[in-house]
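Chemist: Here it is, the structure in full.
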Amino acid sequence: MKDEKRQERTPSSRGLSGADFAGVGIQFAVAIIAFLFAGQWLDERIGTKPVFTIVGVFLGAGAAFYNMYRKITAAQKQDDESRRR
Numbered sequence: 001m002k003d004e005k006r007q008e009r010t011p012s013s014r015g016l017s018g019a020d021f022a023g024v025g026i027q028f029a030v031a032i033i034a035f036l037f038a039g040q041w042l043d044e045r046i047g048t049k050p051v052f053t054i055v056g057v058f059l060g061a062g063a064a065f066y067n068m069y070r071k072i073t074a075a076q077k078q079d080d081e082s083r084r085r
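The opening position of the sequence shown corresponds to residue 1 in the numbering used here, with each subsequent residue numbered one higher.
See the structure below:
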């Protein structure tokens, strides 16, 4: 017996899942590490030891946060549109 209040959900209207965001943490770490190494390389090249390493870490974290924000807002927008249908 089917419950009339319960709606059948298709795979496209399932909403957000954990698999959609599984790679966000890895992307976050890779961005920070890449900018860290770029900052270290630049410090060794120019001779200003901790300056560009610190700047690189903050730039990497900023880029990672921005990427995560874009991905989450796009997923929320997609989820909102699928719920409206």
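For glycine and all other residues, C-beta sits at the position ideal for the given N, C-alpha and C.
For chain C, find out if any of its Cβ atoms is closer than 8 Å to the Cβ of Ala34; answer yes or no.
Modeler: Chain labels in this structure do not include chain C; a single protein chain is all it has.
Chemist: For Ala22, report the span of its alpha helix (DSSP H) as first-last.
Modeler: Here residue 22 refers to the residue found at position 22 when the sequence shown is read from its first residue. Element bounds for Ala22: n/a, residue is neither H nor E.
Chemist: Which residue spans inside the segment 19–68 form an unbroken alpha helix (DSSP H) run of at least 4?
Modeler: Counting whole runs of 4 or more residues, the segment 19–68 contains the alpha helix (DSSP H) stretches 24–46.
Chemist: Just to check my reading of the structure: Gly39 and Phe52 have Cβ atoms closer than 8 Å, yes? What is that Cβ distance to the nearest angstrom?
Modeler: Here residue 39 refers to the residue found at position 39 when the sequence shown is read from its first residue. Here residue 52 refers to the residue found at position 52 when the sequence shown is read from its first residue. At roughly 4 Å, the Cβ-Cβ gap stays under 8 Å, so Gly39 and Phe52 are in contact.
Chemist: Compute the Euclidean distance between the alpha carbons of Ile91 and Ala19, then round it to the nearest angstrom.
Modeler: This structure gives no information on residue 91, because the portion of the chain shown stretches from 1 to 85.
Chemist: Evaluate Gly23 with the Cβ neighbour count: other Cβ atoms within 10 Å of its Cβ, from every protein chain shown; 16 or more gives buried, anything less gives exposed.
Modeler: The residue given as residue 23 occupies position 23 in the sequence shown. By the 10 Å Cβ count, Gly23 comes out exposed.
Chemist: Express the C-alpha separation of Ile32 and Gly25 in angstroms, rounding to a whole number.
Modeler: Within the sequence shown, numbered from 1, the residue matching residue 25 stands at position 25. Within the sequence shown, numbered from 1, the residue matching residue 32 stands at position 32. For Gly25 and Ile32, the distance between alpha carbons rounds to 11 Å.
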